[in-house]
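2 protein chains.
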Amino acid sequence: MTTINFDNVYMLGRATAVGPMEQKGPIGHMFDKAYDDNYCNEGTFEKAERTLVYQACDTALRKADLHVEDIEIVCGGDLINQLTSSHYFARDIDVPFIGMYGACSNSSLVISQAAIWVENQMAKHALAFTSSHVATAERQFRFPNEYGIQKKPTTTLTVTGAGAVILGRQKSAIKVASFTPGKIIDWDHKDANDMGLAMAPAAFDTLQTHFKDTGRSFEDYDMIVTGDLSKIGFSFLTDLLVQKGYNLHNRLHDCGLMIYDFKEQDAFCGGSGCACSMCVSLAKLLQHLEDNEMKRIMVIATGALLSPVAVQQKETIPCIAHAIVYERGE
Amino acid sequence: MTTINFDNVYMLGRATAVGPMEQKGPIGHMFDKAYDDNYCNEGTFEKAERTLVYQACDTALRKADLHVEDIEIVCGGDLINQLTSSHYFARDIDVPFIGMYGACSNSSLVISQAAIWVENQMAKHALAFTSSHVATAERQFRFPNEYGIQKKPTTTLTVTGAGAVILGRQKSAIKVASFTPGKIIDWDHKDANDMGLAMAPAAFDTLQTHFKDTGRSFEDYDMIVTGDLSKIGFSFLTDLLVQKGYNLHNRLHDCGLMIYDFKEQDAFCGGSGCACSMCVSLAKLLQHLEDNEMKRIMVIATGALLSPVAVQQKETIPCIAHAIVYERGE
């Protein structure tokens with residue numbers, strides 16, 4: 576069995592900070608902090624991303640009514656070579672740090688690892704965070720936006736934002752109930768501008784593993800939400816599941832399709848990036864548990880593990896999806 | 576307390592694969608597999624690094640008398656943007672994968688995380704691996720070797736190699752006894768060609784934390800071995816410890832100072848890279864436990880968390896050191 580269950584892990588605080596595009600989107604009012612421009616009052620986009628991380632972590636700590644000294648382990652990661660935002664943030668706090676990389680699946684990856692530390696009493700309180708930024712990610716993986724290269728219609732828009740959670744054993748409204756780690760899946764997709772399609776099979780695999788491990792299906796969840804599959808990848812995943820005989824009960828959704836207003840905003844095929852699943856799940860999805868409107872939600876954060884060098888060497892794009900189940904806690 | 580102890584984690588198999596420079600070094604005969612050239616029969620250096628990973632993992636599995644189907648979780652990471660060697664290797668095995676990044680501290684990072692999965696019965700058997708390659712790392716962090724840029728005297732030589740371990744609960748000669756995760760330490764060093772100096776304070780911090788947590792000192796270990804501090808960084812660490820009043824009992828060593836013959840080989844200030852601490856500890860250090868010549872060894876893998884972008888933006892180099900204690904198991 577791949578899925579691991581947690582009996583004593585609760586979310587004590589959670590917070591998000593985003594950029595201007597995200598603020599203007601349909602769930603813009605739900606984020607804790609938003610900046611009017613992508614520089615976030617800094618001189619470089621890299622520093623801007625770090626500012627978003629600071630803001631999210633600081634706010635999460637305040638909401639949990641904890642200080643940084645109360646945190647015993649930090650799990651973090653981001654998209655910039657090599658976890659720049661995470662390392663430069665974590666440098667300023669005096670807490671042991673575990674660096675993780677799962678591309679846009681980071682959100683579930685860092686939260687799950689923090690949960691493992693709390694569940695097994697290796698840490699009383701753990702902080703998990705991740706971030707992404709439209710300007711840093713584009714120049715990391717494709718081309719700097721300043722080049723003005725025309726985007727393909729299959730492209731996604733990297734979410735500018737950061738999210739942070741504080742986990743502990745004290746009961747709260749949001750329980751981190753289980754984690755299904757993903758395998759690396761590669762169905763031979765090669766287009767770095769169509770990562771949604773490449774990632775869909777990974778989400779499909781993790782979802783099937785989770786259902787097999789738990790004996791559950793769609794009707795056991797109020798929502799099952801993938802990270803950033805884009806309109807194309809999400810449609811592909813839906814097809815795969817329907818072909819396999821699953822009844823989706825209209826409960827399958829995607830974070831990247833919730834964060835922007837496709838009529839008003841130029842959001843291509845949807846939002847992507849580590850911050851996409853992190854910010855949407857923390858700000859919107861988990862609020863349903865907090866408000867007692869839902870009982871159980873699964874977030875399947877999806878990551879395209881491409882490297883610019885490997886893509887240039889004509890390699891295909893390996894992908895991964897890590898799933899976390901959140902339940903109403905008390 | 577930061578240090579976590581393991582009661583039931585043993586090393587069931589371990590293996591290394593290296594390049595030509597490492598083979599010609601003083602411990603060359605101790606590695607399981609060595610290649611005569613840095614391409615390892617592949618067309619690119621990236622693929623060569625992947626071949627080293629394959630070789631190490633395959634050999635470790637054979638030594639543990641296990642098949643890949645027996646492995647329930649894989650923890651891996653490397654230096655190439657973004658864990659290219661690890662992801663492209665793990666794509667070919669049907670096992671859940673946790674991607675980690677701690678620069679050259681990866682060896683202790685991936686082994687410790689795999690140990691956590693085994694100790695807490697989340698996985699029966701876990702595979703942990705890491706790798707580095709002199710040609711891929713140089714072009715990732717500094718300049719491609721093909722440019723022929725003159726090396727500074729403070730520079731280190733990235734070890735070409737990979738190491739893999741299989742962990743499980745069955746008793747063996749090598750017990751994974753404890754893990755002290757590192758904090759990110761930054762003493763304002765800025766020179767990407769002198770990372771040993773930058774990393775020494777991180778090793779110093781983790782060592783102090785470990786001693787404080789356990790009440791032990793140098794005499795409680797047969798060896799305490801840092802990862803890749805270079806002659807300069809190692810000398811700096813020694814100074815820091817002596818100034819602090821520690822009696823080193825001549826038990827402090829560095830993996831990067833063991834792997835090359837400084838008289839015969841052009842190894843600059845010492846070996847570095849994820850494979851440095853991994854290959855030296857697996858091939859040489861742990862053999863002392865296996866041969867019952869030693870009882871307890873600590874490996875403090877050190878990582879310089881620099882990013883080429885951050886260095887260009889005149890940032891300093893944050894560093895980290897993760898320590899694992901290995902004990903004679905039975």
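The listed protein sequences correspond, in order, to chains A and B.
Taking this note's numbering, the leading residue of the first sequence gets 576, the next gets one more, and so forth.
Taking this note's numbering, the leading residue of the second sequence gets 576, the next gets one more, and so forth.
Ideal placement from N, C-alpha and C gives every residue a C-beta, glycine not left out.
All values reported here derive from a predicted model rather than from experimental measurement.
Between the segment 885-898 of chain A and the segment 742-751 of chain B there are fewer than three C-beta pairs closer than 8 Å, too few to call the two in contact. Interface criterion not met: the Cβ of Gln-783 of chain B is under 8 Å from no Cβ in chain A.
By alpha-carbon distance to Tyr-722 of chain A, the top candidate from A:Gly-808, A:Cys-849, A:Lys-859 and A:Glu-713 is A:Glu-713.
When C-alpha distances from His-824 of chain A are compared across A:Thr-591, A:Phe-716 and A:Thr-813, the shortest belongs to A:Thr-813.
Around the beta carbon of Met-774 of chain B, a 10 Å sphere encloses 16 or more other beta carbons of the protein chains shown; the residue is thus reported as buried. The beta carbons of His-708 of chain A and Leu-880 of chain B sit about 18 Å from each other, so the pair does not count as a contact at 8 Å. Within chain A, the residues whose beta carbon sits less than 7 Å from that of Thr-619 of chain B are Gln-888, listed in sequence order. For the C-beta of Tyr-663 of chain A, the chain B residues within less than 8 Å are, from N- to C-terminus, Ala-885, Glu-890 and Pro-893. Straight-line measurement puts the Cα of Gly-757 of chain A at about 9 Å from the Cα of Thr-877 of chain A. Using a Cβ-Cβ cut-off of 8 Å, Leu-702 of chain A does not count as an interface residue toward chain B, since no Cβ of chain B sits closer than that to its own. For Gly-618 of chain A, the three-state secondary structure derived from DSSP is coil.
A Cβ-Cβ separation of about 13 Å leaves Gly-848 of chain A out of contact with Asp-829 of chain A under the 8 Å criterion.
Against chain A, the beta carbon of Val-670 of chain B has neighbours under 8 Å at Lys-758, listed in chain order. Annotation: the continuous alpha helix (DSSP H) that includes Arg-714 of chain A extends over 709-716. Exposed is the label assigned to Gln-818 of chain A, since fewer than 16 other Cβ atoms lie within 10 Å of its Cβ.
Annotation for Cys-849 of chain B: the continuous alpha helix (DSSP H) segment containing it runs 849-855. Under the DSSP assignment, Tyr-610 of chain A falls outside any beta strand (DSSP E); it carries neither an H nor an E label. Under the 8 Å Cβ criterion, the segment 785-793 of chain A does not count as touching the segment 859-870 of chain A, having fewer than three qualifying pairs. Contact of Asn-656 of chain B with chain A is assigned, a C-beta pair being separated by under 8 Å. Less than 8 Å separates the beta-carbon of Thr-591 of chain A from that of Leu-857 of chain A. Look at Ala-701 of chain A here: in three-state DSSP terms it is strand. Contact annotation, Ser-687 of chain B with Gly-736 of chain B: C-beta distance approximately 20 Å; criterion of less than 8 Å not satisfied. Chain order gives the chain A residues near Asp-761 of chain B as Arg-666, where near means a beta carbon separation below 7 Å. Within chain B, the residues placing a beta-carbon under 8 Å from that of Thr-577 of chain A are Glu-647 and Pro-671, ordered along the chain.
In the DSSP annotation of this structure, the continuous segment of the beta strand (DSSP E) that includes Val-900 of chain A starts and ends at 894-903. Counting only residues of its own chain and dropping the five nearest sequence neighbours on each side, Ser-753 of chain B has a CB closer than 6 Å to the CB of Thr-578, Asn-580 and Val-900. Taking C-beta atoms as the reference points, Glu-902 of chain B and Lys-726 of chain B fail to come closer than 8 Å. Between the C-alpha atoms of Leu-702 of chain A and Phe-672 of chain A there is a straight-line separation of about 10 Å.
Taking Ala-609 of chain A as the centre and dropping the five residues before and after it, the same chain places the C-beta of Ala-592, Val-593, Gly-594, Pro-595, Glu-597, Gln-598 and Gly-603 closer than 8 Å to its C-beta, in chain order. Just so you know, the alpha carbons of Thr-659 of chain A and Val-628 of chain A end up roughly 11 Å apart. Near chain B, meaning a CB-to-CB distance below 9 Å, the residues of the segment 622-648 of chain A are Lys-622, Glu-647 and Ile-648. Apart from the 5 residues on each side of it in sequence, Ala-842 of chain B sits with its Cβ closer than 6 Å to the Cβ of Leu-732 and Tyr-835 in its chain, given in chain order. Residues Ile-760 and Trp-762 of the same chain have their beta carbon placed closer than 6 Å to that of Pro-776 of chain B, with the five preceding and five following residues left out of the count. With contacts defined by Cβ atoms closer than 8 Å, Leu-860 of chain A and Val-874 of chain A form a contacting pair. Residue state for Thr-877 of chain B is assigned as strand, using DSSP reduced to three classes. Residues of chain B with a Cβ closer than 7 Å to the Cβ of Ser-882 of chain A are, in chain order, Ile-655, Asn-656, Gln-657 and Thr-659.
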